[in-house]
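In my numbering, the protein residues as written are 1 to 166.
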Amino acid sequence: MSEPSLVREARPEADDPGLPTGIGATLRRLRQAKNLSPGEVSARLKFSGRQLDALETEQWDRLPSGMSLRGFVRNYARYLEADVEALLVMLDNQVGTAPVAKPTALNSAQSLGPSDLPLQGEPVNRPWGWFVVILILLFVAGFYAIERGWIPDSWLIFDWLKSLKK
1 MSEPSLVREA RPEADDPGLP TGIGATLRRL RQAKNLSPGE VSARLKFSGR
51 QLDALETEQW DRLPSGMSLR GFVRNYARYL EADVEALLVM LDNQVGTAPV
101 AKPTALNSAQ SLGPSDLPLQ GEPVNRPWGW FVVILILLFV AGFYAIERGW
151 IPDSWLIFDW LKSLKK
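Next up, the structure:
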C-alpha cells in the first residue's frame with residue numbers, strides 16, 4: 001500500500017464530496033464513530049432529543065441562538081472528545097454567531113469619562129438593617145424571659161429589672 005492511500009483510508013471523508021461538511025453532519029459522524037445513540041448523548045448532556053436532532057440536521061430555527069447554541073456545541077464537542085475550538089469556528093462560519101468579546105482591564109482610571117459612569121449608583125447592601133432587627137428581637141426576648149421568670153435574680157443587676165419580674 002502506498003502512503004497516500006493510507007491517508008485516504010484514515011480520512012475517507014476528505015475525498016468524498018458527497019458527505020455533508022456542516023457542523024451538524026460532523027457532530028453526527030463523530031457521535032456515530034463513538035457508537036453512541038442520540039438518546040445516550042441526550043441523557044448525558046441534558047438536552048432533549050429534538051434539540052440534538054435539530055443540531056445534527058442543522059435546523060437552526062429550532063435551536064436557541066447566541067451563547068446558548070455555542071454552549072450546546074461546546075458541551076457536545078467535549079463529550080465526543082472533539083476539537084472544541086474547531087467546531088466553534090465551524091459554527092461561527094455556518095450560523096454567523098460572533099464570539100463574545102472578552103473583557104479587558106483598564107490601565108488607569110483616567111481613561112474613564114463621565115459618560116462611562118452610571119447615572120445612579122447601585123445601592124450598597126449594608127448589614128445595619130439586619131443588625132437593628134436582631135438587636136430588637138434580642139431585647140424583646142430578654143424582657144419576655146425576665147417577665148416569665150426564666151432569668152435568675154442574681155443575673156438582674158439593676159433594681160428596675162427585678163421589678164419587671166413577677
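C-beta atoms are modelled at their ideal positions from N, C-alpha and C, and glycine is treated no differently.
Since the model is a prediction, treat every value here as computed from it, not as a measurement.
Residue i to residue j span [Cα, whole Å]
i, j, result
"residue 54", "residue 23", "12 Å"
"residue 152", "residue 141", "15 Å"
"residue 96", "residue 137", "59 Å"
"residue 84", "residue 60", "19 Å"
"residue 154", "residue 127", "34 Å"
"residue 161", "residue 132", "22 Å"
"residue 47", "residue 93", "23 Å"
"residue 70", "residue 36", "21 Å"
"residue 150", "residue 130", "27 Å"
"residue 58", "residue 67", "17 Å"
"residue 163", "residue 144", "13 Å"
"residue 139", "residue 157", "16 Å"
"residue 78", "residue 45", "10 Å"
"residue 74", "residue 82", "9 Å"
"residue 32", "residue 62", "22 Å"
"residue 89", "residue 25", "15 Å"
Simplified DSSP assignment, three categories, for residue i
i, result
"residue 145", "helix"
"residue 158", "coil"
"residue 39", "helix"
"residue 164", "helix"
"residue 8", "With a pLDDT of only 38 at residue 8, under the threshold of 50, the placement of this residue in the model should not be trusted; the figure read from the coordinates follows. Three-state DSSP puts residue 8 in a helix."
"residue 94", "helix"
"residue 58", "coil"
"residue 26", "helix"
"residue 81", "coil"
"residue 135", "helix"
"residue 128", "helix"
"residue 49", "helix"
"residue 71", "helix"
"residue 63", "coil"
9 Å Cβ cutoff met for residue i and residue j
i, j, result
"residue 56", "residue 27", "yes"
"residue 30", "residue 42", "no"
"residue 34", "residue 91", "no"
"residue 49", "residue 38", "yes"
"residue 165", "residue 134", "no"
Any C-beta of chain C under 9 Å from that of residue i
i, result
"residue 28", "The chain inventory of the structure shown lacks chain C, comprising one protein chain alone."
Any non-hydrogen atom of the ligand SAM closer than 8 Å to residue i Cβ
i, result
"residue 35", "The ligand SAM is not part of this structure, which contains no ligands at all."
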